[in-house]
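A.B. asks: Quick note: the sequence shown uses the working numbering, first residue 1119, plus one each step.
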Amino acid sequence: MKPVASLSALLTTLAALMIPWACVAQPKPPAERPWFQKSLVGLEVGPTGAQFGSSPKDTGYAAAFDGKAIARATKDSGAEYLVMWARDGEWAYYKSKFQPRPPGLADRDPLREAVDEGRKLGLPVIAYCQIQYPQHDLREHPDWRAVDPAGKPIDGRVCYRSGYLDRVKKLADEQLGYGVAGFHFDMIDQGFGPPHSCWCPTCRKQFEAENGRPMPKGMTWDDDWERMLAFRYASSAAFEKDLTAHVRKVNPKATVDFNYHGTPPFSWEVGQRPGQHAAHGDFVTGETGAWGFSALGVGLNAEFYRAVSAGRPYQIAMQRGVRMYHDQTTRPLTDMRWELLTLLAHGGFVTMVDKTGFDGRLDPTAYERFAALFRGVEQKREHFGHTPVAEVGLYFSGRTRDWYGRDKPADYFQAFQGAHKTAVYEHIPWGVLTDETISPESLKKFPVVLVPNAAILSESEVAAFTKYVEGGGKLIVTGLTGTRGWRGEPQAKSSLEKLIGGRLVKPLDSTDNWVKFPLSAKLTATDRPILARGPAVVYEPTTATTVGELLRPHRTALHAEGRYNADWPLSPDAAVGPAVLLNKVGDGTVLTFAASPDWATAGDHHTPEVRKLLAAAVRLLHPNPRVTIIAPATVQAVVTDDPATRTLRVHLLGYNAPPQTTPAKDRPFVLPMPIEDEPIFRATITVPGLKSATAFHNTTGVKQDGDRINLVVEGVHEVIVCRY
Ligand SMILES: [Zn+2]
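Here is the structure:
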């Protein structure tokens, strides 16, 4: 290993010395764009069978894991890069000084085979290098284990401030010596749940040195826990930064990306903040898929990565298996096409994860489908990667995730996810904003900003919202937004009092709350009460005008005794305050929902009526959008703009999962069936100033009527190209 590192370092130094000569002697040719800036699809290939440990007795394991065959199959499928499995917690799939190879490989070296073949084929080969569960290293170095608050080492979990960082650097040096184009590091994680880490002696000492006091003994949710959260985030960040700097020092051209988990449903326990931990390496890589994140999570994850990526590319991993990564099944082509094109429409580039059989062999069915899939992407290449057009910015508060969500972050995520679900079902183009990346410029991109249940808001966030609204912005706030203090404690006064134009009287202690509107308010098609399951707040207007009523639910004697099932809502009782407050501030408007139509929309009592309330609020505040799309709720729309050619693109993604049967466990919570059949649906798009409209597929019926386009679409993806 060491000779390799020093040789690379020497070459780097020599290259640096030669730069002045090169500049004088000849003009520099334009730098070729690195692989991650020009690729749409790639494959990650690794064996299945070592994720729960592995025994040398299993000599059949990975015996046919063949780097040359993998590189060829990748290239033949039309994938533009290969993420080659180089190291997991048990084995190295190359000749390493630090970690053994599976005995079944005998003298073979799959990473060498893949890199050599990749070079012949013009295929960048990126090393997949697992970080998070280094079973082999922890057996050799038990002192690198993470430790729980009681001082007990946690089996299989590593401390990121231990000697492990140096070990990973040495592994990276070895892999760089093979000529890999970069690394996918998977991943820095401090646990997806309890036991939480790390209270090891190294961490304790460092914490005390930085803070002048000992670590808290657990989740105390006080000043000490504030320091502890910051310390944990810093542990993850330091590891990522240090490793990135090391790779760049050895080979400045090698790319680095880390598997990113700063998005819902993940929270502080993983050790990643939405913004902070998206900043390391060359780009963010995240995971998605209906199997673990819901069908709606596919697009949401991609847009979240965009929001935290500050203009850099972002990569999303999806899988070929029907259930998840490690099963040896292959999803129907239509199902994979829907997911892949959803991610591309949302501006990401995509790695398809393929797990080989236990023996390391490739499945020909999978590669036949990949080839068909990637060919379709290639034909549509020019339609991806343009500037998003978003009407509504969905605001995500990392602070609320941590200090209101605490150890039940889903309570916070639900409103954000329901706001997203509303935007998708109602075809309101949307994007994501986060508290770490908020700025006047980021807010101004959105005609409407929706702040769902962001209980905790800082003074600077309130100032940014105020400036946005004064300048003509439209702000919608829901649920408990602004009702909590910096540590999540209830506060007497709303942080948004001036913007809301109303005084906080009290949050209701019920979630089965109701709202009622007159038809004249143009928020509903009914004047009957609507269940808005979720947090609600009683406000007293000061400068705002009010619309409709917030109704508390009936309560029985059994409720008082705690014997009524809290999951079952009861019917509406008396009015306790306004349902909506409308407040003019400067040139803009703030619309406050006293209840939580977003939380309700993501919950079990998800009526179209409650969802349409939010959509109607957007339309009330912003009556003349750049594009209006009418389509079934099963269709997602993504709008992009190419101002240079005056081209608006509307991607339409039709979801079409067949009904599912009763599951064997956790009834009635089902995984959707994979999509088999192409849907057929009608859609109408209106673009003021439209000149012409064309569809990509000749099976799509397009009829233009002035500014309006009437469509009949067949397929999971269509892109309508609108010239204006
Ligand atoms: Zn530690």
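For glycine and all other residues, C-beta sits at the position ideal for the given N, C-alpha and C.
Compute the minimum distance between the beta carbon of Val1265 and the heavy atoms of ligand 1, and state whether it is under 7 Å.
C.D. replies: Val1265: yes, Cβ under 7 Å from ligand 1.
A.B. asks: Three-state secondary structure (DSSP) at Glu1832?
C.D. replies: Here Glu1832 sits in strand by DSSP.
A.B. asks: Looking at Arg1279 and ligand 1, is the gap between the Cβ and the nearest heavy atom below 7 Å?
C.D. replies: Yes, since a heavy atom of ligand 1 falls inside the 7 Å radius drawn around the Cβ of Arg1279.
A.B. asks: Relative to ligand 1, is the shortest distance from any of its heavy atoms to the C-beta of Cys1840 smaller than 7 Å?
C.D. replies: No; taking the cut-off as 7 Å, the Cβ of Cys1840 has no heavy atom of ligand 1 nearer than that.
A.B. asks: Which residue from Gly1417, Arg1449, Val1416, Gly1399 puts its Cα closest to that of Pro1071?
C.D. replies: Absent from the structure is residue 1071, since the part of the chain shown begins at 1119 and ends at 1842.
A.B. asks: Just tell me which of Trp1604, Lys1809, Pro1761, Pro1806 has its CA closest to the CA of Trp1339.
C.D. replies: Trp1339 has its Cα closest to that of Trp1604, out of Trp1604, Lys1809, Pro1761, Pro1806.
A.B. asks: Helix, strand or coil, according to DSSP, for Pro1786 in the structure here?
C.D. replies: Three-state result, Pro1786: coil.
A.B. asks: Are the stretch 1722–1730 and the stretch 1773–1790 touching, with three or more C-beta to C-beta distances below 8 Å?
C.D. replies: The stretch 1722–1730, when compared against the stretch 1773–1790, does not touch it at the 8 Å Cβ threshold.
A.B. asks: Taking the alpha helix (DSSP H) that Ser1560 falls in, what are its first and last residues?
C.D. replies: Looking at the DSSP string, the run of the alpha helix (DSSP H) that includes Ser1560 is 1558–1562.
A.B. asks: Alpha carbon to alpha carbon, what distance is there between Val1566 and Leu1239?
C.D. replies: Whole-angstrom Cα-Cα distance: 48 Å.
A.B. asks: Does at least one heavy atom of ligand 1 sit under 7 Å from the Cβ of Thr1320?
C.D. replies: Checking every heavy atom of ligand 1 against the Cβ of Thr1320, one is found closer than 7 Å.
A.B. asks: Flag this pair as touching only if the stretch 1488–1496 and the stretch 1507–1525 have three or more C-beta atom pairs under 8 Å; answer yes or no.
C.D. replies: With a cut-off of 8 Å, the stretch 1507–1525 and the stretch 1488–1496 do not count as touching, because too few Cβ pairs lie within range.
A.B. asks: Closer than 7 Å to a non-hydrogen atom of ligand 1 - does that hold for the CB of Cys1316?
C.D. replies: Correct: Cys1316 has its Cβ closer than 7 Å to ligand 1.
A.B. asks: Enumerate in chain order the residues of its own chain whose CB-to-CB distance from Thr1448 is below 7 Å, with the five nearest sequence positions on each side excluded.
C.D. replies: Closer than 7 Å at the Cβ level, and outside the excluded window around Thr1448, lie Arg1438, Asp1481, Thr1483, Ala1484, Arg1487.
A.B. asks: Beta-carbon within less than 6 Å of Val1426's beta-carbon, same chain only, minus the 5 sequence neighbours each way: which residues are those?
C.D. replies: Closer than 6 Å at Cβ, skipping near neighbours: Pro1392, Gly1393, Ala1396.
A.B. asks: By Cβ distance below 7 Å, which residues in the same chain neighbour Leu1125 in space, the five residues on each side in sequence not counted?
C.D. replies: With a pLDDT of only 43 at Leu1125, under 50, the local geometry of the prediction cannot be trusted, and the value read off the model is given with reservation. Here the set comprises nothing.
A.B. asks: Return the chain-ordered list of same chain residues with a C-beta closer than 6 Å to the C-beta of Pro1690, the five sequence neighbours on each side being excluded.
C.D. replies: The residues are Trp1632, Pro1647, Leu1669.
A.B. asks: Going by beta-carbon coordinates alone, are His1835 and Arg1455 separated by less than 8 Å?
C.D. replies: In this structure, Arg1455 lies closer than 8 Å to His1835 by Cβ.
A.B. asks: Going by CA-CA distance only, name the one from Val1694, Leu1770, Ser1638, Gln1253 that's closest to Leu1738.
C.D. replies: Checked all of Val1694, Leu1770, Ser1638, Gln1253; the closest Cα to Leu1738 is Ser1638.
A.B. asks: Do the CB positions of Ala1801 and Val1753 come within less than 8 Å of each other?
C.D. replies: Going by C-beta atoms, Ala1801 is nearer than 8 Å to Val1753.
A.B. asks: Report the three-state DSSP secondary structure of Ile1574 (helix, strand or coil).
C.D. replies: Note: Ile1574 maps to strand in three-state DSSP.
A.B. asks: Taking the straight line between their C-alpha atoms, what separation do you get for Ala1123 and Gly1300?
C.D. replies: Summary for Ala1123: the model assigns pLDDT 41, below 50, so the residue's position carries little reliability, and this model does not support an answer.
A.B. asks: Roughly how many angstroms lie between the CA atoms of Pro1152 and Tyr1199, to the nearest whole one?
C.D. replies: C-alpha separation (whole angstroms): 11 Å.
A.B. asks: Would you tell me roughly how many angstroms separate the C-alpha atoms of Val1510 and Ala1755, rounded to the nearest one?
C.D. replies: Computed Cα separation, rounded: 13 Å.
A.B. asks: Could you check whether Ile1434 and Leu1413 sit closer than 8 Å to each other, using their CB atoms as the reference points?
C.D. replies: A quick correction: the sequence has Ala, not Leu, at residue 1413. No.
A.B. asks: So, under 8 Å CB-CB, Gly1695 and Val1623 are touching, yes? Tell me the CB distance rounded to an integer number of Å.
C.D. replies: Yes, they are in contact, since the Cβ atoms of Gly1695 and Val1623 sit about 7 Å apart, within 8 Å.
A.B. asks: Nearest-angstrom Cα distance between Arg1744 and His1724?
C.D. replies: For Arg1744 and His1724, the distance between alpha carbons rounds to 28 Å.
A.B. asks: Could you say which of Val1595, Asp1341, Thr1629 lies nearest to Glu1615 if we only look at CA atoms?
C.D. replies: The shortest Cα separation from Glu1615 among Val1595, Asp1341, Thr1629 belongs to Val1595.
A.B. asks: By the DSSP assignment, the beta strand (DSSP E) with Ile1618 in it spans what residues?
C.D. replies: Unbroken run through Ile1618 is the alpha helix (DSSP H), 1615–1618; no beta strand (DSSP E).
A.B. asks: Grouping DSSP H, G and I as helix and E and B as strand, with all else coil, what is Met1346?
C.D. replies: Note: Met1346 maps to helix in three-state DSSP.
A.B. asks: For a test of the three-state rule: what should DSSP assign to His1302, helix, strand or coil?
C.D. replies: Note: His1302 maps to strand in three-state DSSP.
A.B. asks: On a CA-only basis, which of Cys1316, Leu1229, Asp1261 is nearest Ala1268? Give me that one, please.
C.D. replies: Nearest C-alpha to Ala1268: Cys1316.
A.B. asks: His1769 and Ala1463: beta carbons closer than 8 Å?
C.D. replies: Yes, Cβ-Cβ distance for His1769 and Ala1463 is below 8 Å.
A.B. asks: Is Ser1613 buried or exposed, if buried means 16 or more other CB atoms sit within 10 Å of its CB?
C.D. replies: Its Cβ being crowded by 16 or more others within 10 Å, Ser1613 is buried.
A.B. asks: In the DSSP assignment, what residue or residues form a beta bridge with Leu1622?
C.D. replies: Tyr1657.
A.B. asks: Ends of the beta strand (DSSP E) at Ile1546?
C.D. replies: Element bounds for Ile1546: n/a, residue is neither H nor E.
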